[in-house]
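First comes the structure, then the notes that go with it.
Protein chains: 6
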Amino acid sequence: MSMVDISGKDVVYREAVAEGVIRLKPETIKRILEGRVEKGDVFTVSRVAAIAAVKRTPDLLPLCHNIPITHVGVEFRVIGDDRILARVSVKTTARTGVEMEALVGVSVALLNIWDMVKKYEKDGSGQYLDTFIEYVRVVYKRKGGIE
Amino acid sequence: MSMVDISGKDVVYREAVAEGVIRLKPETIKRILEGRVEKGDVFTVSRVAAIAAVKRTPDLLPLCHNIPITHVGVEFRVIGDDRILARVSVKTTARTGVEMEALVGVSVALLNIWDMVKKYEKDGSGQYLDTFIEYVRVVYKRKGGIE
Amino acid sequence: MSMVDISGKDVVYREAVAEGVIRLKPETIKRILEGRVEKGDVFTVSRVAAIAAVKRTPDLLPLCHNIPITHVGVEFRVIGDDRILARVSVKTTARTGVEMEALVGVSVALLNIWDMVKKYEKDGSGQYLDTFIEYVRVVYKRKGGIE
Amino acid sequence: MSMVDISGKDVVYREAVAEGVIRLKPETIKRILEGRVEKGDVFTVSRVAAIAAVKRTPDLLPLCHNIPITHVGVEFRVIGDDRILARVSVKTTARTGVEMEALVGVSVALLNIWDMVKKYEKDGSGQYLDTFIEYVRVVYKRKGGIE
Amino acid sequence: MSMVDISGKDVVYREAVAEGVIRLKPETIKRILEGRVEKGDVFTVSRVAAIAAVKRTPDLLPLCHNIPITHVGVEFRVIGDDRILARVSVKTTARTGVEMEALVGVSVALLNIWDMVKKYEKDGSGQYLDTFIEYVRVVYKRKGGIE
Amino acid sequence: MSMVDISGKDVVYREAVAEGVIRLKPETIKRILEGRVEKGDVFTVSRVAAIAAVKRTPDLLPLCHNIPITHVGVEFRVIGDDRILARVSVKTTARTGVEMEALVGVSVALLNIWDMVKKYEKDGSGQYLDTFIEYVRVVYKRKGGIE
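Protein sequences, first through last, are from chains A, B, C, D, E and F.
At position 53 of the first sequence the residue is numbered 53 (this note's numbering), and the sequence of numbers has no breaks.
At position 135 of the second sequence the residue is numbered 1135 (this note's numbering), and the sequence of numbers has no breaks.
At position 109 of the third sequence the residue is numbered 2109 (this note's numbering), and the sequence of numbers has no breaks.
At position 125 of the fourth sequence the residue is numbered 3125 (this note's numbering), and the sequence of numbers has no breaks.
At position 94 of the fifth sequence the residue is numbered 4094 (this note's numbering), and the sequence of numbers has no breaks.
At position 28 of the sixth sequence the residue is numbered 5028 (this note's numbering), and the sequence of numbers has no breaks.
Put into structure tokens, the structure is as follows:
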């Protein structure tokens, strides 16, 4: 086992976009949209958490290389009345791609949403019957081309 | 916005179990089971990554409290020919629960599997058509009782 | 040189409050209040940064002990037309006080405000003539008593 | 909200210098100068803390980019009988400036001084009446030119 | 005291190899080789720990520069019946060498082996009479040349 | 593989002491003692590095538990004309021992000495012929008793 040797690879522009969905109770979605979540502004805090996590990817995934990230973008969209989609785009000019960084960003964005609305999602015995992350996937990755 | 005040809560035994599934190509699953993944032993590395991530939860989720973790367990199970399930259990004796820690552990376990098999999952143009995290959820959480 | 030995100290409730002020251009303050800062919601992001920094105090100050933080609160107030005051309160039940944690929180809150409005504060040659942190101080610390 | 996109910026030499002042009791300043601080050599420990903090800036300020730091210098000067000035210079060859890194270095240098002399600054009831950080500011930043 | 100024140094290919040896009881070595260590696969976990530690070198050694690591390799060899040798190679293309990174990797690899076999090495009163790290050294470092 | 379950263990006072030796050129030892090392005060910086590393042990050794450290002490002694001994003592009141923390502290103390005197230890072709860590071991560990 070892960290892949990227010494011989080209330093080129690279970007990746990943996305994922969390399912919540419709009442919780309403709370988020109306700014009635006690822990604060769910989308802003989750954006911050996602950006910070992207930068910490080589700390979380042991075989990932540490590279300079030149951009992280995070967007949220409410889907129907019980889902939130998070989309994270990451850019770099480096010897390796950034899809794992984008996936880490999406995962942490969704987990942070969960953390902030725990109170409204738990049932009487503290269980989460309605809450789950539905999927996390790479939308696309790209290498080279205009920056 | 603030970190919830848990100063007045009881220091009691708490545990939580979370799980999630990643879908991979059947050939990749075979590679993992036969130990033919170039980057190394996928399950062991992913266990290490998950345990380390559980301990770093308060660094990843800004509003999570830092608490002493007394146990982390990580298990993997292959489902059918194209899915791997990761299950993470976390224990503590503290003022707050550990479901977020378990969810972080599951997410990082699945992302680390992805990171180690990227090479076999990408198509000719570098895209991931078959790979995604299917779900991440809390199985249960428990508070008090015998340790 | 060594880390003070707190092995014999009592595990008691402790809290500390610190505050500090940053001076900015009146136009920048207006931008913040009207939500016209390109980098996003200055107060929310700075709150997140402060809370995360409080938890990382033993990583930043080599002789600080790692203790479980039970609460962090962060507040901002605009003073006059060119100043923002940040106030951070920290609670714990531990063997040592948390004034350094509160001071770290205030400092990072103010530095993060600066980071988000750099663009509007720099002059034509990239210098900061109007921007500075005016002071950072401990408001009070308390030990024992009702939690 | 997002991390500014610096993908298209030039990789050039950049440097920044920041400074700040902490006010302490004259007796404490004397202790520091005479090497009678129980916790150890205040200036050396604070230098180490500042250099380490500069490298961790992108962990502390969520929207800061991670870039390779090529130099950090830290200097202290006693002013009058009750003030210490800390000055931090940071260099890089990267796509973005380093004034936030220099400001983080100064803030942590001053906070670490405070941490090491807490015992001599607190009054009988544990309050800090004489201690505070007086200011933190950018001295200058520079881009391009000879390295 | 300051971090050495490497602003003027060339960005060239560099590599370093370090190694070290831990002495354990022959029974413990047998356990490791036969996969009977309760805590798991000692070599794989130690490899992961070493790779992660290499990346965190600038966090551990205050005066080390943060540079992009392009490769980390970790190998173990059993010597006689009571010794394990760990060898770590590190590559980069940067302004400074990576021998400290390789030494950190070796040290953490050996310490992690120790951590995983503590139970079998301790005597009845919890002391380690047979266990120690015998040496840690740089095998060679190299600069420039073909990557 | 999993993190040992310490949920049922007693929260008691525990301490551990570890030590290790680095061999350097006699001229380098003289430089250190006479304060002529360009990078600064070797013993103070290495003490800081060791204390910081002790607190980060659960980040470095994946299966180590995160526990509150109540004391870290670091001492150095020159042996003969070409050796430095580092001794680190760690205390806690927790569910598990701290010998790994003490060993991490010693290793990082010795590695940091190395980092600060690299310049004087390398030969003309950049190799380290005289420098190595001679040993690292646990002196003793203790559990319970008076704090």
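Every residue, glycine too, gets a C-beta built ideally from N, C-alpha and C.
{"Check": "Continuous beta strand (DSSP E) stretch holding Y4135(E): start and end", "Outcome": "4132-4143"}
{"Check": "Within chain F, partners of M2100(C) - CB distance below 7 angstroms", "Outcome": "Here the premise fails: no neighbours, minimum Cβ distance about 14 angstroms."}
{"Check": "Nearest-angstrom Cα separation, counted from Y1120(B) out to T1028(B)", "Outcome": "6 angstroms"}
{"Check": "For V2017(C), the three-state DSSP class (helix, strand or coil)", "Outcome": "strand"}
{"Check": "Helix, strand or coil at S4007(E) [DSSP, three-state]", "Outcome": "coil"}
{"Check": "Neighbour-count burial assignment, A3097(D), 16 or more Cβ in a 10 Å radius", "Outcome": "Per the sequence shown, the amino acid found at residue 3097(D) is Gly instead of Ala. So G3097(D) counts as buried."}
{"Check": "N- and C-terminal bounds of the alpha helix (DSSP H) containing L129(A)", "Outcome": "Careful: L129(A) lies outside any alpha helix (DSSP H) and carries neither H nor E."}
{"Check": "Buried or exposed (CB count within 10 angstroms, at least 16 for buried), P1026(B)", "Outcome": "exposed"}
{"Check": "Whole-angstrom C-beta distance between P5062(F) and I1086(B), which should lie under 8 angstroms", "Outcome": "Looking at the sequence provided, one finds Ala at residue 1086(B) rather than Ile. No, A1086(B) and P5062(F) are not in contact; Cβ-Cβ is about 16 angstroms, not under 8 angstroms."}
{"Check": "Under 9 angstroms from the C-beta of R1095(B): neighbouring residues of chain C", "Outcome": "P2068, T2070, T2093"}
{"Check": "Neighbour flag for S4107(E) against chain F, beta carbons, 8 angstroms", "Outcome": "yes"}
{"Check": "Short-range partners of chain B found in the stretch 2024-2055 of chain C, where Cβ spacing is below 9 angstroms", "Outcome": "F2043, T2044, R2047, V2048, A2049, I2051, A2052, V2054, K2055"}
{"Check": "Minimum Cβ-Cβ distance from D1005(B) to chain C less than 8 angstroms", "Outcome": "yes"}
{"Check": "Euclidean distance between Cα positions of Y4128(E) and V5138(F)", "Outcome": "7 angstroms"}
{"Check": "N- and C-terminal bounds of the alpha helix (DSSP H) containing E3075(D)", "Outcome": "Counting along the chain, E3075(D) falls outside any alpha helix (DSSP H), though it belongs to the beta strand (DSSP E) covering 3069-3079."}
{"Check": "Three-state secondary structure assigned by DSSP to R1095(B)", "Outcome": "coil"}
{"Check": "C-alpha distance - V1042(B) paired with D1082(B), whole-angstrom precision", "Outcome": "15 angstroms"}
{"Check": "Boundaries of the alpha helix (DSSP H) in which R1056(B) is found, first to last residue", "Outcome": "Here R1056(B) belongs to no alpha helix (DSSP H), and DSSP marks it neither H nor E."}
{"Check": "Opposing strand residues paired with R3023(D) [DSSP bridges]", "Outcome": "R3083(D), F3132(D)"}
{"Check": "Assigned secondary structure, V1012(B) (DSSP; H/G/I helix, E/B strand, else coil)", "Outcome": "strand"}
{"Check": "Rounded C-alpha distance that separates T1070(B) from L60(A)", "Outcome": "20 angstroms"}
{"Check": "Burial state of L2103(C), where buried means 16 or more other Cβ atoms lie within 10 Å", "Outcome": "buried"}
{"Check": "C-beta neighbour in chain F for G4145(E), strict 8 angstroms", "Outcome": "no"}
{"Check": "Chain-ordered neighbours of S4002(E) on chain D, where CB pairs are closer than 8 angstroms", "Outcome": "R3047, I3051, H3071, V3072, G3073, V3074"}
{"Check": "Outcome for L3111(D) when other beta-carbon atoms lying within 10 angstroms are tallied against a minimum of 16", "Outcome": "buried"}
{"Check": "As assigned by DSSP and simplified to three states, the class of V3048(D)", "Outcome": "helix"}
{"Check": "Per-residue contacts from Y13(A) into chain D (C-beta, under 9 angstroms)", "Outcome": "S3007"}
{"Check": "Cutoff 8 angstroms: L1111(B) Cβ touching any chain C Cβ", "Outcome": "no"}
{"Check": "Alpha-carbon to alpha-carbon, I3113(D) and K3030(D)", "Outcome": "14 angstroms"}
{"Check": "Cβ-based burial, V2136(C) [other Cβ within 10 Å; buried from 16]", "Outcome": "buried"}
{"Check": "Touching by the beta-carbon criterion (3+ pairs, under 8 angstroms), the stretch 1005-1018 of chain B and the stretch 31-40 of chain A", "Outcome": "no"}
{"Check": "Cβ of R4077(E) within 8 angstroms of any chain F Cβ", "Outcome": "no"}
{"Check": "For V5090(F), three-class secondary structure by DSSP", "Outcome": "strand"}
{"Check": "Under 8 angstroms between C-beta atoms of V1048(B) and V4048(E)", "Outcome": "yes"}
{"Check": "Interface flag, E1134(B) vs chain A, CB-CB below 8 angstroms", "Outcome": "yes"}
{"Check": "Burial state of I4022(E), where buried means 16 or more other Cβ atoms lie within 10 Å", "Outcome": "buried"}
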